[in-house]
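Enquirer:
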Amino acid sequence: MTRAFVCPGQGSQAVGMGVEIARAFPVAREVFQEVDEALKQNLSKLMEAGPQEDLTLTENAQPALMAVSVAVVRVIETESGKRLADLASHVAGHSLGEYSALCAAGALSVADAARLLKLRGQSMQKAVPVGEGAMAALLGADLDQAKAIAEEAAQGQVCDIGNDNGPGQVVLSGAKAAIDRAIQIAPSKGVKRAMPLPVSAPFHSALMKPAAEAMREALDKVALKQPTVPVVANVRAAPVSDPAEIKRLLVSQVTGMVRWRECVLAMVERGVTKEVEVGAGKVLTGLAKRIHKDLDATSVHTSAELEAFLKTL
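Now the structure itself:
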């Protein structure tokens, strides 16, 4: 098996996501109903009709994106008559997408994943008062350049590398003043462009420590099974299967860097030649070719994309 399923992270949400597959496939509707019931919230209606600003709220976007990714995987399993382990050798997800991947691989129930992500979103938002944290993308920067910029910009404040998404796309996260300094410093370090990101909190930085503690407590109370296929963890960029270790890494992930470039390369090193982005948007599909030119990447979200993908199995 040379295929990996990958699940998108925050920023891929859009009103209307998942609606088409929910209408076409009963198993997708069941996933959305499970999420609604677990959260005691009509999240599926928000996904269908918006408004976009409510869907974009971290506490809504995270469980909504998970629901779509898991629904797509369930449709693929049901329609192909194959289990995930027969369809993919690895799964991974970007940030919150790691929960989607764990759920798809049977390590987390849909209800537990939804509740954990709701809490994760709320905790991340509460960790830093609005306006005190920020994130910025360094376009055309490599990891070493980003580290140098972060060190110079910190000046006693938090300025961490939040995401290493791929060649030429590294994201800084931390105190707003430090991120503002980083944006000004970046051109002098040879970075093509530095731009602030429209996010509500400095995700994957040391400022998220209160959220990490909240997730530690919540994960302690959740039953997590061994996944049916290895999950490549964000903060380790290596496959993990032990439930206790997965929990520890999910806590670390709240404050730690998303090592997405390394995650993809780790899967390639383990024989993956095809990457299938399951869920909303095409962000990870776009990054795949930049990370490894020989990787065959595709995204599966709409009914048409599902039908086309199923024909390849």
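When we follow my numbering, the leftmost residue of the sequence shown carries the number 532, and every step to the right adds one.
We put the CB at the ideal spot given by N, CA and C, even for glycine.
As the structure is a computational prediction, the values presented were derived from the model and not from experiment.
(1) Confirm, please, whether the CB-CB distance from Ala706 to Arg725 is below 8 Å.
(2) Can Ala569 and Ser600 be called in contact, C-beta distance under 8 Å?
(3) Enumerated in chain order, which unbroken segments of the alpha helix (DSSP H) with a length of 4 residues or greater are wholly contained in the segment 534-587?
(4) Mark Arg605 as exposed unless 16 or more other C-beta atoms lie within 10 angstroms of its C-beta, in which case mark it buried.
(5) Can you check whether the CB of Ala811 is closer than 8 Å to the CB of His832?
(6) Which same chain residues, not among the five before or five after Ile822, have their C-beta less than 6 Å away from its C-beta?
(7) Could you check if Leu844 is buried or exposed, using at least 16 other CB atoms within 10 Å of its CB as the buried criterion?
(8) Exposed or buried, Gly693, counting other C-beta atoms within 10 Å across all chains shown (16 or more means buried)?
(9) Mapping DSSP to helix, strand and coil, what is Gly628?
(10) What are the boundary residues of the alpha helix (DSSP H) that includes Met798?
(11) Where does the unbroken beta strand (DSSP E) through Gly703 begin, and where does it stop?
(12) Run through the segment 739-781 for me and flag every whole alpha helix (DSSP H) of 4 or more residues, listed as ranges in chain order.
(13) Count the other CB atoms within 10 Å of the CB of Arg730; is the residue buried (16 or more) or exposed (fewer)?
(14) Kindly give me the distance between the Cβ atoms of Val760 and Ser620, rounded to whole angstroms, as I take these residues to be in contact under 8 Å.
(15) Quick check on Pro594: does DSSP put it in helix, strand or coil?
(16) Answer yes if the segment 554-562 comes into contact with the segment 581-592, meaning at least three C-beta pairs across the two stretches below 8 Å, and no otherwise.
(17) With DSSP as the reference, label Lys805 as helix, strand or coil.
(18) Going by the DSSP bridge assignment, what does Ser830 pair with across the sheet?
(19) From which residue to which residue does the alpha helix (DSSP H) around Leu648 run?
(20) Rounded C-beta distance between Cys538 and Val809? I'm assuming under 8 Å.
Expert: Result, derived from the coordinates:
(1) Here residue 725 refers to the residue found at position 194 when the sequence shown is read from its first residue. Here residue 706 refers to the residue found at position 175 when the sequence shown is read from its first residue. The identity of residue 725 in the sequence shown is Ala, whereas the question assumes Arg. Result no, Cβ atoms of Ala725 and Ala706 do not sit closer than 8 Å.
(2) Within the sequence shown, residue 569 is the residue found at index 38, counting from 1. Within the sequence shown, residue 600 is the residue found at index 69, counting from 1. Their beta carbons are not under 8 Å apart, which means Ala569 does not touch Ser600 by this criterion.
(3) 550-555, 557-570, 574-580 and 583-587
(4) For the purposes of this step, residue 605 is taken as the residue at position 74 of the sequence shown. Buried is the call here.
(5) The count along the sequence shown starts at 1 and reaches residue 832 at position 301. The count along the sequence shown starts at 1 and reaches residue 811 at position 280. Their beta carbons are under 8 Å apart, which means His832 touches Ala811 by this criterion.
(6) Taking the sequence shown and counting its residues from 1, the one referred to as residue 822 is at position 291. Excluding positions up to five away in sequence, the list reads Gly697, Arg792 and Val795.
(7) As a first step, residue 844 is located in the sequence shown; it is residue number 313 there, counting from the start. Exposed, since its Cβ has fewer than 16 Cβ neighbours within 10 Å.
(8) Locating residue 693 in the sequence shown gives position 162, where the first residue counts as 1. That one is buried.
(9) On the sequence shown, position 97 is the one that residue 628 refers to. Gly628: helix per DSSP, three-state reduction.
(10) Here residue 798 refers to the residue found at position 267 when the sequence shown is read from its first residue. From DSSP, the alpha helix (DSSP H) with Met798 extends over Trp791 to Glu800.
(11) As a working mapping, residue 703 is identified with position 172 in the sequence shown. Sequence inspection shows Leu at residue 703; the Gly mentioned does not correspond to that position. Residues Gln700 to Ala706.
(12) 740-751
(13) As a first step, residue 730 must be located in the sequence shown, where it is residue number 199. Strictly speaking, residue 730 in this sequence is Val, with Arg absent from that position. Buried, by the Cβ-count rule.
(14) What you label residue 760 is simply residue 229 of the sequence shown in a count that begins at 1. What you label residue 620 is simply residue 89 of the sequence shown in a count that begins at 1. The pair is a contact, with the Cβ atoms about 6 Å apart (cut-off 8 Å).
(15) Reading the sequence shown from its first residue, position 63 is the one you call residue 594. Helix, per DSSP.
(16) no
(17) In the sequence shown, the residue the question calls residue 805 occupies position 274. Strand.
(18) As a working mapping, residue 830 is identified with position 299 in the sequence shown. Looking at the DSSP assignment, Ser830 forms a beta bridge with Glu808.
(19) Within the sequence shown, the letter at position 117 stands for residue 648. It spans Val641 to Ala658 - the alpha helix (DSSP H) in which Leu648 sits, taken as one unbroken run.
(20) As a first step, residue 538 is located in the sequence shown; it is residue number 7 there, counting from the start. As a first step, residue 809 is located in the sequence shown; it is residue number 278 there, counting from the start. Their Cβ separation, rounded to whole angstroms, is 6 Å, which keeps Cys538 and Val809 in contact under 8 Å.
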